[in-house]
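Trainee:
Protein chains in written order, with the working numbering: chain G, 15 to 153; chain H, 121 to 557.
1. How is the alpha helix (DSSP H) around residue 123 of chain G delimited, first residue to last?
2. Assuming residue 370 of chain H and residue 434 of chain H form a contact by the criterion Cβ under 8 Å, report the distance between their Cβ atoms to the nearest whole angstrom.
3. Quick check: the segment 273-286 of chain H against the segment 320-329 of chain H, are there 3 or more CB pairs under 8 Å?
4. Tell me whether residue 451 of chain H is buried or exposed, calling it buried when 16 or more other Cβ atoms sit within 10 Å of its Cβ.
5. For a test of your reading of the model: does the CB of residue 212 of chain H fall under 7 Å from any non-hydrogen atom of the ligand GTP? Yes or no.
6. For residue 353 of chain H and chain C, any beta-carbon pair shorter than 8 Å?
7. With DSSP collapsed to three states, give me the class of residue 95 of chain G.
8. Give a yes or no on whether the minimum CB-CB distance between residue 100 of chain G and chain H is below 8 Å.
9. With DSSP run on the structure shown, which of helix, strand or coil describes residue 273 of chain H?
10. For residue 256 of chain H, which residues in chain G fall below 9 Å Cβ to Cβ?
11. State the CB to CB distance for the pair residue 464 of chain H and residue 442 of chain H, rounded to an integer number of angstroms; the pair is presumed to be in contact (CB under 8 Å).
12. Please list the residues of the segment 19-44 of chain G that have a C-beta atom closer than 7 Å to any C-beta atom in chain H, keeping them in chain order.
13. Does any residue of chain G have a CB that is nearer than 8 Å to the CB of residue 412 of chain H?
14. For the segment 434-459 of chain H, enumerate the residues whose C-beta is nearer than 9 Å to any C-beta of chain G, in chain order.
15. How close, in whole Å, do the beta carbons of residue 55 of chain G and residue 16 of chain G come, if the pair is a contact with beta carbons under 8 Å?
16. Does residue 96 of chain G pass the burial test, meaning 16 or more other C-beta atoms within 10 Å, or should it be called exposed?
17. As an exercise, report each continuous beta strand (DSSP E) stretch of at least 3 residues that is fully enclosed by the segment 305-364 of chain H, in chain order.
18. Which class does residue 147 of chain H belong to by DSSP, given the choice of helix, strand or coil?
19. Suppose contacts are defined by Cβ-Cβ distances below 8 Å. Is residue 354 of chain H in contact with residue 100 of chain G by that definition?
20. For residue 216 of chain H and residue 251 of chain H, what's the separation of their Cα atoms in angstroms?
21. When you compare the CB of residue 521 of chain H with every CB in chain G, is at least one pair closer than 8 Å?
22. Three or more C-beta pairs closer than 8 Å, one from the segment 351-368 of chain H and one from the segment 389-402 of chain H: is that the case here?
23. So that I know if they touch, is there some Cβ in chain G lying closer than 8 Å to that of residue 518 of chain H?
24. Across which residues does DSSP place residue 67 of chain G in a beta bridge pair?
25. Work out the CA separation of residue 203 of chain H and residue 159 of chain H for me, nearest whole Å.
26. Over the uninterrupted alpha helix (DSSP H) stretch that includes residue 532 of chain H, give me the two end residues.
27. Beta strand (DSSP E) containing residue 189 of chain H: first to last residue?
28. Does the beta carbon of residue 118 of chain G come closer than 8 Å to any beta carbon on chain H?
29. Do we get a CB-CB distance below 8 Å when we pair residue 246 of chain H with the residues of chain G?
30. Quick check on residue 382 of chain H: buried or exposed, where buried means 16 or more other Cβ atoms within 10 Å of its Cβ?
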């Protein structure tokens with residue numbers, strides 16, 4: 015199963031400051047551990063929200079809101095995608111990450127197609143497949 | 121029993137026993153391979169090393185529900201295992217002293233063993249882990265034993281999990297593992313990383329085991345389900361770990377590339393009611409682009425390493441290249457069949473096999489027309505190795521349809537259905553036959 019591990023923003027990341035060398039080194043080492051253990055599928059750090067934007071949907075109306083965004087602690091500053099056997103394994107890995115200073119990092123399980131179960135009826139599935147096919151054809 | 125104590129319970133809030141057990145399972149999965157590897161180097165026997173590691177686990181199961189999981193669980197388990205190992209070495213020494221008046225030599229050995237234990241958990245290069253990989257996949261063992269031992273020692277799977285994955289009774293797997301350990305001990309298999317000419321042969325045994333695990337998950341040879349994704353994930357993880365341990369070996373990256381690209385299609389290979397969906401009918405929009413990207417990157421590395429070494433592409437890299445041709449094609453029509461034929465030509469020269477030849481026939485049929493493909497298939501019909509291989513009549517049926525020979529095609533699909541052991545696949549083949557009247 016896959017988990018997305020979401021690292022939240024803080025005032026430093028939002029100010030576009032790079033972490034100091036020690037933290038970068040520790041993080042590189044941690045990432046190497048994850049790769050060596052065959053756990054890490056992907057991982058990226060994100061630029062501050064001042065370089066991003068939001069699109070708001072209201073009926074047919076689309077409004078573009080430019081960053082930065084105020085609610086710093088709710089913003090995402092980076093993520094990993096991990097493949098592990100259980101949520102507990104993801105937790106054990108995350109506990110080894112070199113964070114400090116009250117940082118909170120969130121672990122969320124990624125849906126696999128079998129998770130949709132009975133709710134995702136063959137008809138719905140077919141519809142979704144059609145949509146995906148159209149998207150695929152347009153590319 | 122001497123163990124390192126965790127922090128006092130009040131400092132971490134108590135865990136329920138099931139919570140603690142799940143956490144311990146997770147720690148075990150992360151730490152067990154390195155733990156067993158380090159212990160094997162020191163005690164020289166993989167069976168004993170696993171027993172010691174398990175003893176440490178038992179202590180953890182007793183303590184952690186109360187104390188919480190310690191800050192550094194790997195070091196904690198190693199420390200607990202180390203105490204057990206030292207107790208054991210002392211006991212052995214006492215026993216030996218009883219038999220013969222043996223002194224200084226044993227002391228020296230024990231001292232150095234204790235020092236080794238201190239560094240055993242520090243294995244930054246991963247040499248211990250690699251040593252364990254080569255032991256678990258040692259050619260002195262049967263393929264089944266290699267698979268079971270690899271999943272158990274390196275994948276951190278329990279005997280029960282392995283049994284469930286391979287649809288065999290737990291007792292069978294347990295027995296395989298016990299026998300494998302005995303065989304290794306009797307053959308005095310050393311804990312080492314093979315070098316030189318030996319390395320190629322030993323490595324190919326390791327890759328074979330990993331790919332076998334993957335394939336059992338990817339196209340289950342028996343049972344009700346067409347896919348067992350957990351096994352694919354285990355194999356991929358082992359492959360990725362191995363690629364990290366031996367980054368200079370092209371064929372490891374080739375195998376990883378092959379597995380990543382094949383796994384990228386898992387979602388598309390199963391229809392709404394669990395039936396298999398063939399490559400050309402798959403909705404390519406549901407292929408996992410992340411895995412494809414990872415696969416193509418691993419393939420690039422494999423090709424680059426092969427070129428650097430001045431050698432030809434190995435069999436896994438060739439198969440990954442074929443898989444990549446499909447992965448790069450956004451529609452079946454975009455597939456570069458001529459390149460696939462060339463890759464199968466190369467693979468057939470490297471590993472002449474009727475199965476490779478059958479696959480080449482499919483590619484030839486696509487690149488140069490069904491008649492050319494059928495010509496190759498017809499030469500394979502008398503091949504004893506393919507006598508009961510369901511894909512032979514299935515491929516033949518496909519080619520016959522394209523040539524308008526419907527009745528012959530129908531018979532081939534029926535024959536294929538009678539040969540497969542997988543329920544889902546049988547139904548698919550029966551349906552195809554029925555559709556032809």
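Glycine included, C-beta positions come from ideal geometry on N, C-alpha and C.
Mentor: Checking against the coordinates, here is how it stands:
1. The sequence position of residue 123 of chain G within the first chain is 109, counting from 1. Residue 123 of chain G -> not in any alpha helix (DSSP H); beta strand (DSSP E) instead, spanning 119-123.
2. Position 250 of the second chain, counted from the start, is the residue given in the question as residue 370 of chain H. Position 314 of the second chain, counted from the start, is the residue given in the question as residue 434 of chain H. Yes, they are in contact, since the Cβ atoms of residue 370 of chain H and residue 434 of chain H sit about 6 Å apart, within 8 Å.
3. no
4. Taking the first residue of the second chain as 1, we reach residue 451 of chain H at position 331. Burial state of residue 451 of chain H is exposed, judged by a 10 Å Cβ sphere holding fewer than 16 other Cβ atoms.
5. Although the ligand GTP was asked about, the structure shown includes no ligands whatsoever.
6. You won't find chain C in this structure, because its protein chains are G and H.
7. For the purposes of this step, residue 95 of chain G is identified with residue 81 of the first chain, where counting begins at 1. Correct three-state label for residue 95 of chain G: strand.
8. Position 86 of the first chain, counted from the start, is the residue given in the question as residue 100 of chain G. Chain H, which has a Cβ nearer than 8 Å to the Cβ of residue 100 of chain G, makes this yes.
9. Translated into the one-based positions of the second chain, residue 273 of chain H becomes position 153. Looking at residue 273 of chain H - three-state DSSP - the assignment turns out to be helix.
10. Stepping through the second chain from its first residue, residue 256 of chain H is reached at position 136. Ordered by position in chain G, no residue passes the 9 Å Cβ test against residue 256 of chain H, which lies about 16 Å from the chain.
11. Within the second chain, the letter at position 344 stands for residue 464 of chain H. Within the second chain, the letter at position 322 stands for residue 442 of chain H. Correct: roughly 7 Å between the Cβ atoms.
12. none
13. Locating residue 412 of chain H in the second chain gives position 292, where the first residue counts as 1. It does not: the Cβ of residue 412 of chain H has no partner Cβ on chain G nearer than 8 Å.
14. Of all residues in the segment 434-459 of chain H, the ones placed with a Cβ closer than 9 Å to any Cβ belonging to chain G are 450, 451, in chain order.
15. Start at 1 with the first residue of the first chain, and residue 55 of chain G comes out as number 41. Start at 1 with the first residue of the first chain, and residue 16 of chain G comes out as number 2. Yes, they are in contact, since the Cβ atoms of residue 55 of chain G and residue 16 of chain G sit about 7 Å apart, within 8 Å.
16. Within the first chain, residue 96 of chain G is the residue found at index 82, counting from 1. Residue 96 of chain G is buried by the Cβ-count criterion.
17. none
18. To locate residue 147 of chain H, count along the second chain from 1; it is residue 27. Helix.
19. Against the second chain, residue 354 of chain H aligns to sequence position 234. Against the first chain, residue 100 of chain G aligns to sequence position 86. Their beta carbons are not under 8 Å apart, which means residue 354 of chain H does not touch residue 100 of chain G by this criterion.
20. Numbered from 1 along the second chain, position 96 holds the residue referred to as residue 216 of chain H. Numbered from 1 along the second chain, position 131 holds the residue referred to as residue 251 of chain H. In a straight line, the C-alpha of residue 216 of chain H is about 29 Å away from that of residue 251 of chain H.
21. Translated into positions along the second chain, residue 521 of chain H becomes position 401. So, not an interface residue.
22. no
23. On the second chain, position 398 is the one that residue 518 of chain H refers to. False, the Cβ-Cβ gap to chain G never drops below 8 Å.
24. On the first chain, residue 67 of chain G is found 53 positions in, with the first residue counted as 1. The partner list for residue 67 of chain G (beta bridge, DSSP) reads G/80.
25. For the purposes of this step, residue 159 of chain H is taken as residue 39 along the second chain, with counting starting at 1. For the purposes of this step, residue 203 of chain H is taken as residue 83 along the second chain, with counting starting at 1. Their backbone Cα atoms lie some 12 Å apart in a straight line.
26. Here residue 532 of chain H corresponds to residue number 412 of the second chain, with the count starting at 1. Element bounds for residue 532 of chain H: 526-539.
27. By one-based count along the second chain, residue 189 of chain H stands at place 69. Run containing residue 189 of chain H: none; DSSP gives neither H nor E here.
28. Along the first chain, read from residue 1 onward, the residue named residue 118 of chain G stands at position 104. Taking Cβ atoms only, chain H never reaches closer than 8 Å to residue 118 of chain G, which makes this a no.
29. On the second chain, residue 246 of chain H is found 126 positions in, with the first residue counted as 1. For residue 246 of chain H, the answer is yes, since a Cβ of chain G falls inside 8 Å of its Cβ.
30. As a position in the second chain, residue 382 of chain H is number 262, starting the count at 1. When all chains shown are included, residue 382 of chain H counts as buried.
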